[in-house]
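Numbering-wise (my numbering), the sequence shown opens with residue 55 and increments by one.
Accompanying notes for the structure given below.
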Amino acid sequence: MSYIVTLLGSRMQYAVPRILAKAGLLNILYTDIYASNRIIKIIQDYRLDKHNATLKRLILRNNNELNGCIIRQFPLFGLEYYLRLQKAKNETERTKVYLWAGRCFCRLINENNWGLAKALYTFNSAGYETMVKAKEKAMACILEQTIAPYKIVNQLIKEEREMWPGWEEDEKNYFANDYSERERAEWRIADRIICGSEYVRNGLIQCGVNPEKCTVIPYGVKYSEKINIKKTSSKLHVLTVGTVCLRKGIPYLLEAAKVLSKNAEFKLVGPLQISRNAQKKICDHVHLVGAVPHSEIERYYRWADVFLLPSICEGSATVTYEAMSYGLPIICTPNTGSIVRNMIDGFIVPIRNKDKIVEVLEIMSRDRKLCKQMGENAMLRAKEYDYSRYNDELIKILKTHI
């Protein structure tokens with residue numbers, strides 16, 4: 055076993071540590087909160103999660119493929135991180151929390167014994183200090199950049215706030231430069247930077263990162279034959295899953311929904327990070343569901359005829375992989391970093407282009423056979439990009455560093 059993985063949260067159901075564990079390459083997983091089988095049994099035996107969304111999410115902080123692995127967690131830190139994020143009212147406060155969490159997480163990890171690991175795998179903004187320590191031990195450092203560089207993200211969000219006043223708090227993010235500097239410091243130390251899409255890689259190169267450091271490995275989906283049988287409804291069912299915020303391009307979704315109210319029905323699933331006034335505007339034309347535990351998302355995929363994600367900036371949006379695995383054609387932007395092929399699995403539309411979204415949705419509404427065919431193509435595409443492919447490509451790269 056040769057890799058230490060440091061992971062805040064349970065990204066993609068612990069995909070990276072699971073892959074390393076399966077290959078016999080995982081030394082220790084450091085994380086904030088991990089739900090042991092014993093904890094899950096208590097929650098389920100007493101049905102404590104029945105009406106508690108937090109406990110439902112906690113149950114997902116577990117994976118049987120990690121049974122027997124060394125997992126070090128810091129639950130008190132994890133709880134404080136969660137509470138701080140809950141109290142954060144805007145992007146400035148959230149960025150401050152992310153910076154605090156990354157530094158605190160690294161400090162806790164650095165205080166522990168690292169064993170005989172030869173390499174470190176960590177994630178952007180939460181790995182700098184551990185990477186410094188790893189280099190002191192002559193360890194290789196692998197960094198996963200989960201989204202475009204923050205410098206790019208912040209600029210795009212700033213532009214959105216100017217175009218859509220009142221949707222989010224329009225104030226200067228006083229911690230944006232600190233966050234960007236932290237990312238740049240991580241890029242300098244990293245021996246290899248894993249990117250989920252060409253969009254992320256191009257962003258890194260734009261910010262001065264050596265292209266030879268950057269490797270694109272599209273993510274995977276846990277694929278199974280998810281036959282999505284439904285009766286054709288009179289209105290096209292359009293689904294969006296993700297945080298309701300300007301970065302996800304929600305105003306353009308709303309503008310399209312206004313035009314297509316007679317032909318399409320829209321549902322928007324995800325936590326809310328917009329003002330109450332913006333929420334009221336959305337609710338007039340879109341069913342605003344709110345946050346839903348991942349375990350309950352399936353019924354929304356089965357409701358939908360098409361999946362829409364008009365994001366301004368992403369890494370490689372895993373919801374697009376999931377939606378494709380349910381046989382949904384995708385409408386997304388190039389900035390989602392998806393594996394969608396234009397006019398085969400759906401449509402790739404420019405960012406900030408409501409008219410193009412309306413145009414392709416009208417095509418799908420009129421031509422249900424085309425919609426169905428694109429959905430079938432999307433399902434086959436998702437099958438090509440299942441976890442086994444992601445597993446093989448990631449391991450191939452990681453073995454070169456130990």
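Every residue gets a Cβ at the ideal spot worked out from N, C-alpha and C, and that includes glycine.
Measure the C-alpha to C-alpha separation of residue 124 and residue 241 and round it to an integer number of angstroms. In the sequence shown, the residue the question calls residue 124 occupies position 70. In the sequence shown, the residue the question calls residue 241 occupies position 187. Taking the straight line from one Cα to the other gives about 28 Å.
Short of 7 Å in beta carbon distance, which residues of its chain neighbour residue 332, apart from the five on each side in sequence? Order them along the chain. Counting from one through the sequence shown, the residue named residue 332 turns up at place 278. For residue 332, where only same-chain residues beyond five positions count, the Cβ hits under 7 Å are 220 and 221.
Pair every Cβ in the region 61-76 with every Cβ in the region 424-435, then say whether three or more of these pairs are closer than 8 Å. no
Can you name, in chain order, every residue of its own chain whose Cβ lies under 8 Å from the Cβ of residue 444, other than the five neighbours on each side? Residue mapping note: residue 444 aligns to position 390 of the sequence shown, counting from 1. Within the same chain, residue 444 has close Cβ partners 69, 73, 271, 272, 273 and 274.
For residue 127, does the three-state DSSP call read helix, strand or coil? Counted from its first residue, the sequence shown places residue 127 at position 73. Of the three classes helix, strand and coil, the one that applies to residue 127 here is strand, per DSSP.
Determine the DSSP secondary structure at residue 440, reduced to helix, strand or coil. As a first step, residue 440 must be located in the sequence shown, where it is residue number 386. Correct three-state label for residue 440: strand.
Which whole-angstrom value describes the C-beta separation of residue 116 and residue 96, a residue pair presumed to lie in contact below a C-beta threshold of 8 Å? Counted from its first residue, the sequence shown places residue 116 at position 62. Counted from its first residue, the sequence shown places residue 96 at position 42. Actually they do not touch by this definition, with Cβ atoms about 13 Å apart.
Whole-Å CB distance - residue 366 paired with residue 303, under 8 Å assumed: Position 312 of the sequence shown holds residue 366. Position 249 of the sequence shown holds residue 303. Right, their Cβ atoms sit about 5 Å apart.
Residue 441 versus residue 227: straight-line alpha-carbon distance, rounded: Within the sequence shown, residue 441 is the residue found at index 387, counting from 1. Within the sequence shown, residue 227 is the residue found at index 173, counting from 1. If you take the alpha carbons of residue 441 and residue 227, they lie about 37 Å apart.
Proximity of residue 269 and residue 243 at Cβ, strictly below 8 Å: Within the sequence shown, numbered from 1, the residue matching residue 269 stands at position 215. Within the sequence shown, numbered from 1, the residue matching residue 243 stands at position 189. In this structure, residue 243 does not lie closer than 8 Å to residue 269 by Cβ.
Residues in the same chain with beta-carbon distance under 6 Å from residue 336, minus the five sequence neighbours each way, listed in chain order, please. In the sequence shown, residue 336 corresponds to position 282, counting from 1. 308 and 342, listed in sequence order.
For the alpha helix (DSSP H) containing residue 94, list its first residue and its last residue. Here residue 94 refers to the residue found at position 40 when the sequence shown is read from its first residue. Note, residue 94: alpha helix (DSSP H), 91-99.
Roughly how many whole angstroms lie between the Cα atoms of residue 356 and residue 194? Mapped onto the sequence shown, residue 356 falls at position 302. Mapped onto the sequence shown, residue 194 falls at position 140. Going from the Cα of residue 356 to the Cα of residue 194 covers about 43 Å.
What is the DSSP secondary structure of residue 431, reduced to helix, strand or coil? Position 377 of the sequence shown, counted from the start, is the residue given in the question as residue 431. It is helical.
Supposed contact pair residue 172 and residue 251 - C-beta distance, whole angstroms, cut 8 Å: Working through the sequence shown from its first residue, we reach residue 251 at position 197. Working through the sequence shown from its first residue, we reach residue 172 at position 118. Not a contact, Cβ separation roughly 28 Å.
When you compare the CB positions of residue 394 and residue 351, do they come within less than 8 Å of one another, or not? Translated into the one-based positions of the sequence shown, residue 394 becomes position 340. Translated into the one-based positions of the sequence shown, residue 351 becomes position 297. No.
Use the C-beta contact count for residue 376: other C-beta atoms within 10 angstroms, 16 or more gives buried, fewer gives exposed. Locating residue 376 in the sequence shown gives position 322, where the first residue counts as 1. With 16 or more Cβ atoms within 10 Å of its Cβ, residue 376 is classed as buried.
Have a look at residue 390 and residue 301 and give me their C-alpha separation to the nearest angstrom. Position 336 of the sequence shown, counted from the start, is the residue given in the question as residue 390. Position 247 of the sequence shown, counted from the start, is the residue given in the question as residue 301. Whole-angstrom Cα-Cα distance: 10 Å.
Please classify residue 400: does DSSP put it in a helix, a strand, or coil? Counted from its first residue, the sequence shown places residue 400 at position 346. Of the three classes helix, strand and coil, the one that applies to residue 400 here is strand, per DSSP.
Determine the DSSP secondary structure at residue 334, reduced to helix, strand or coil. Locating residue 334 in the sequence shown gives position 280, where the first residue counts as 1. Residue state, collapsed to three classes: helix.
Within 10 Å of its beta-carbon, does residue 451 have 16 or more other beta-carbons around it, so buried, or fewer, so exposed? Position 397 of the sequence shown, counted from the start, is the residue given in the question as residue 451. Exposed: under 16 other Cβ atoms inside 10 Å.
Compute the distance between the beta-carbons of residue 292 and residue 207, then report whether it is under 8 Å. Looking up residue 292 in the sequence shown gives position 238. Looking up residue 207 in the sequence shown gives position 153. No; because the gap between Cβ atoms is not below 8 Å, this pair is not in contact.
Identify, in the order they occur along the chain, each residue of the same chain with its Cβ nearer than 7 Å to the Cβ of residue 414, setting aside the five sequence neighbours on each side. Here residue 414 corresponds to residue number 360 of the sequence shown, with the count starting at 1. Same-chain partners within the cutoff: 385, 401 and 403.
Just to confirm, are residue 60 and residue 200 a CB contact at a threshold of 8 Å? Against the sequence shown, residue 60 aligns to sequence position 6. Against the sequence shown, residue 200 aligns to sequence position 146. In this structure, residue 200 does not lie closer than 8 Å to residue 60 by Cβ.
Whose CA, out of 170, 144, 382 and 178, lies closest to the CA of residue 160? Taking the sequence shown and counting its residues from 1, the one referred to as residue 160 is at position 106. Here the closest residue by C-alpha is 178.
Taking the straight line between their C-alpha atoms, what separation do you get for residue 139 and residue 127? Sequence index remark: in the sequence shown, residue 139 carries index 85 (1-based). Sequence index remark: in the sequence shown, residue 127 carries index 73 (1-based). Using only the alpha carbons, I get a separation of about 19 Å.
The beta strand (DSSP E) enclosing residue 293, as first and last residue numbers: One-based indexing of the sequence shown puts residue 293 at position 239. Segment 290-295, the beta strand (DSSP E) holding residue 293.
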